[in-house]
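J.: Heads up: the sequence shown at position 166 corresponds to 166 in the UniProt record's numbering, and the numbers run straight through without jumps.
Where is the CB? At the ideal position from N, CA and C, for every residue including glycine.
All values reported here derive from a predicted model rather than from experimental measurement.
Quick one: the structure is below, and I'll ask about it shortly.
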Amino acid sequence: MAATSPAALRPQLGGSLMPLGILAIVAMMVLPLPLALLDIFFVFNILLSLLVLMVALHSYRPLDFSSFPSVLLIATVLRLALNVASTRIVLTDGHNGSGAAGRVIEAFGNFVIAGNFAVGLVVFVILVIINLVVITKGAGRVSEVSARFTLDAMPGKQMAIDADLNAGLLTPEQARARRAEVGEEADFYGAMDGASKFVKGDAIAGILILIANIVGGIIIGTSQHGLSFGAAAETYVLLSIGDGLVAQIPSLLLSIATAVIVTRVASTHDMAGHISSQIMLSRALAPVAAVLAIMGLIPGMPNVLFLLAAAGAGAAAWAARPKAAPEGAQAPARVGQVPRPAALPAPGGAENGPDTPDAKSGAITPDEVTDYAPITIQIGLGLIPLVEEGEGGSLVSRITGIRREVSKAMGFVIPGVRIRDDMSLPANTYRIRIRQAVVAEDQAHPGRKLALPGGGTTRKLRGIECKDPSFGMDAVWIQPHQQTEAEADDYVVVEPASVIATHLSQMLYAHAADLIGADDVQDLLENLERSQPTLVEQIIPKLVPHHILTAVLRALLTERMPISDLPRILEDLAGMQGRIDSVQDMAEALRPALAPQLLQQIAPLKEALPLITLAPDLEDLLTRSQQGMAGLIVEQGLTRSILTQINAAEEALAGQGRQSVIVVSAALRRAFAGFLRAHGASGIVMAVSELPDNRRVEIAATVGAAAGGTT
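As structure tokens, then:
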């Protein structure tokens with residue numbers, strides 16, 4: 001039979017001893033205890049209180065001692081049980097003298113009273129006041145506030161964890177651990193709010209027990225044991241104060257431990273290290289030493305004592321002085337201070353002037369001139385409230401939702417979005433960057449809402465007129481109190497964070513090809529390999545090299561074709577080998593099989609698909625204008641007319657909450673799509689042959705002629 005290790009045995013013993021200990025505490029309240037056992041329990045009570053206090057002092061954060069509320073409850077019940085047991089002995093055998101209640105109570109009574117009952121009572125009352133009025137009341141208030149703020153912050157913390165998980169900053173296991181920690185923190189502070197009441201009630205119980213012991217002892221001593229009033233008072237006051245002090249001192253220790261725990265701030269040091277790192281500052285100790293030295297020179301003062309204190313403070317200031325950093329090393333920034341990069345130019349404009357920190361080495365780190373963040377949103381200072389959760393900012397959570405939506409639509413994980421403030425931007429301006437390129441820039445107004453006119457809008461609202469960043473529609477930024485008026489007139493009212501998030505969504509769709517790289521494709525292949533290992537092994541890289549697959553996926557994403565059906569893509573690419581060499585031709589050949597996925601994102605299967613077509617004469621003209629690799633060569637006036645009509649049709653559909661597809665002949669499709677991209681249009685261009693037979697279509701507009709109808 002295998003032996004049980006000591007580490008595995010400890011939890012088993014603890015689980016067995018804890019119920020027995022609780023039962024023993026309850027038994028102490030009912031059954032009389034021998035004096036020797038009572039003394040042992042009193043000493044154990046002091047030991048337990050000291051142990052709890054030391055653990056609290058050496059915790060790095062409150063959750064390191066998450067069992068404290070339970071420990072506090074057990075310690076309080078143990079102390080009250082000892083009070084009941086000692087009261088029984090004091091009232092039963094107190095007439096026999098000061099040693100009737102055990103050595104511990106006698107020692108505490110004689111040591112504190114020292115023959116003077118008034119001194120003993122005053123000392124006991126002061127200890128109770130310190131415990132009840134100062135420490136316990138303060139700790140209780142801190143517990144109450146901490147519990148309330150922790151519970152209020154819990155949804156924001158959960159959202160932040162979800163955002164980090166979706167951004168790829170956390171693994172699912174780390175996210176689960178963080179969520180469990182947030183829940184444990186809320187439970188801990190909620191329990192501490194109630195546990196602090198134990199300490200308060202214990203202090204009040206100590207006063208009542210003392211009064212009961214003195215009054216009851218004097219009555220019993222004079223009426224039942226024939227003692228005089230003075231003798232009864234002398235005996236029972238001594239025993240009662242000794243009993244009260246034996247209980248009050250551990251209670252005071254636990255109150256201090258409670259206050260330490262609830263006022264503790266999470267840190268990389270224990271309490272002593274945390275405090276000393278902030279107090280032991282040379283610039284603070286040096287003036288203290290100077291003032292003490294001056295006071296030590298004043299006649300009539302205890303000069304030697306003050307001068308010794310000044311010398312001690314001076315020595316501490318010397319020991320705490322900042323150490324000189326090695327040459328080339330950058331001094332750590334103080335709390336709240338942003339360190340200045342070593343390579344910043346001097347105020348005069350010189351790159352490496354004599355006053356710059358980098359004058360000697362001239363080194364510039366790559367971090368200062370490179371930014372590898374795939375997606376960045378730069379915001380002006382006026383938009384910072386949209387990001388700060390404490391001020392109701394919802395931009396981060398909305399961006400998380402946008403990333404999830406676009407990732408599902410396009411078939412690969414969109415990288416995390418970095419949001420950073422930029423003081424060079426106007427206050428209400430934001431800028432979207434994909435890789436190193438700025439792809440969009442516009443404005444949002446945190447104190448307002450964007451109103452977009454609908455089909456039934458009849459009047460113009462007062463506000464800041466603008467173009468909707470996402471769809472280019474006429475819009476107006478209105479005050480919040482105008483929302484009811486706007487919605488009554490068929491306006492769609494949008495929050496500022498939603499405006500930025502929707503604009504980001506448009507840019508992610510438009511630039512999806514720039515966001516996928518070789519590593520992302522490898523991740524997709526590894527994920528597919530778990531379910532279809534043979535398919536991946538036979539095709540990659542034997543038939544289709546990795547770089548060719550990456551280029552084909554980018555070509556598909558350029559025209560917003562989803563790559564979710566990776567098995568179908570690999571199978572079709574494998575069948576093209578030896579027949580099609582061009583990456584663009586491969587992507588074009590894949591489109592008919594992938595088109596249904598794109599169309600179901602534009603309109604549900606049961607709804608008619610809105611189409612924008614070209615007039616036959618215009619389509620023939622554009623087909624003849626193709627110039628090989630140069631694409632379409634179109635006269636400037638005709639280009640402007642085509643773009644204007646397409647924009648008007650798309651804007652009209654967008655006002656109805658619908659999205660359209662531009663349909664042309666197969667021979668013109670690729671060239672016309674490139675023509676629109678070159679002029680900044682974001683329309684989806686498909687060939688007639690790519691439309692599935694099972695989809696109803698509706699001609700929403702015809703560019704170059706007036707047409708309509710449903711087929």
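#1: If you run the structure through DSSP and keep just helix, strand and coil, what is A342?
#2: Could you tell me which uninterrupted alpha helix (DSSP H) segments, each at least 4 residues in length, are contained entirely in the stretch 586-632, listed from first to last along the chain?
#3: How is D565 classed by DSSP in three states: helix, strand or coil?
#4: Is it the case that the Cβ atoms of V663 and L638 are separated by a distance below 8 Å?
#5: Who are the Cβ neighbours of R433 in its own chain at under 6 Å, not counting the five residues just before and after it?
#6: Suppose the cutoff is 6 Å on Cβ atoms and the five residues either side in sequence are ignored; what does the same chain contact list for I46 look like?
#7: Helix, strand or coil: which one does DSSP assign to A325?
#8: On the DSSP bridge list, what partners appear for T76?
#9: Output yes or no for whether 8 Å exceeds the beta carbon distance between Q248 and L127.
#10: Do G631 and G680 come within 8 Å of each other at the CB atom, strictly closer than that value?
#11: Could you spell out the range, first to last residue, of the beta strand (DSSP E) harbouring I46?
#12: First and last residue of the alpha helix (DSSP H) that includes V304?
#13: Would you check if there are 3 or more beta carbon pairs closer than 8 Å linking the stretch 516-526 to the stretch 454-472?
#14: Secondary structure at T92, three-state DSSP: helix, strand or coil?
#15: Can you tell me where the alpha helix (DSSP H) with T171 in it begins and where it stops?
#16: Need the endpoints of the alpha helix (DSSP H) that V499 sits in, please.
#17: Would you mind stating whether S665 and V697 have Cβ atoms separated by less than 8 Å?
#18: State yes or no: is the C-beta of M473 within less than 8 Å of the C-beta of E651?
#19: Out of L383, D187 and F672, point me to the one whose CA is closest to P426's CA.
#20: Between L91 and the rest of its own chain, which residues show a CB-CB distance below 8 Å, the 5 nearest in sequence each way excluded?
#21: Given a cut-off of 8 Å on the beta-carbon distance, is the pair V396 and L450 in contact?
#22: Relative to the C-alpha of M28, which candidate in V55, S66, L82 and D490 has its C-alpha closest?
#23: Starting from G437, trace the beta strand (DSSP E) both ways and give me its first and last residue.
#24: Report the start-end ranges of each alpha helix (DSSP H) in the stretch 391-471 that is 4 residues or longer and not cut off at the edges.
#25: Do V288 and A315 have their CB atoms nearer than 8 Å?
#26: State the Cα-Cα distance for the pair V142 and M192, rounded to the nearest angstrom.
#27: With a CB to CB cut of under 7 Å and the five nearest residues on each side skipped, what residues in its chain are close to A310?
#28: For V491, write down the residues that DSSP places opposite it in a beta bridge.
#29: Excluding the 5 residues flanking G463 on each side, which residues of the same chain have their C-beta closer than 6 Å to its C-beta?
#30: For I22, does the three-state DSSP call read helix, strand or coil?
#31: Please report the Cβ distance between A593 and R568, rounded to the nearest whole angstrom; I am assuming they are in contact, meaning their Cβ atoms lie under 8 Å.
T.: If we stick to the structure as given:
#1: Reliability fails at A342, whose pLDDT of 36 lies under 50, so the model's placement of it is uncertain and the value that follows must be treated cautiously. Coil at A342, not helix or strand.
#2: 616-624
#3: coil
#4: no
#5: T376
#6: Once the five neighbours on either side are set aside, the close Cβ partners of I46 are P250.
#7: Low confidence applies here, because A325 scores a pLDDT of 42, under 50, leaving its location unreliable; read the following figure in that light. Correct three-state label for A325: coil.
#8: According to DSSP, T76 bridges with nothing at all.
#9: yes
#10: No, the pair does not count as a contact, with Cβ atoms beyond the cut-off.
#11: It is not in any beta strand (DSSP E) - I46 instead sits in the alpha helix (DSSP H) that spans L35 to L57.
#12: N303 to A319
#13: no
#14: helix
#15: It is not in any alpha helix (DSSP H) - T171 carries neither H nor E in the DSSP assignment.
#16: Boundaries of the alpha helix (DSSP H) around V499: P496 to A510.
#17: The answer is no: Cβ separation not under 8 Å.
#18: yes
#19: L383
#20: N213, G216, G217 and I220
#21: For V396 and L450, no; Cβs fall outside 8 Å.
#22: Nearest C-alpha to M28: L82.
#23: In the sequence as displayed, the identity of residue 437 is Ala instead of Gly. Run containing A437: A437 to Q443, per the beta strand (DSSP E) assignment.
#24: 395-410
#25: no
#26: 10 Å
#27: A289, L292, A293 and G296
#28: The sequence given here has Tyr at residue 491, not Val. P453, per the DSSP bridge assignment.
#29: V476, W477 and I478
#30: Here I22 sits in helix by DSSP.
#31: 6 Å
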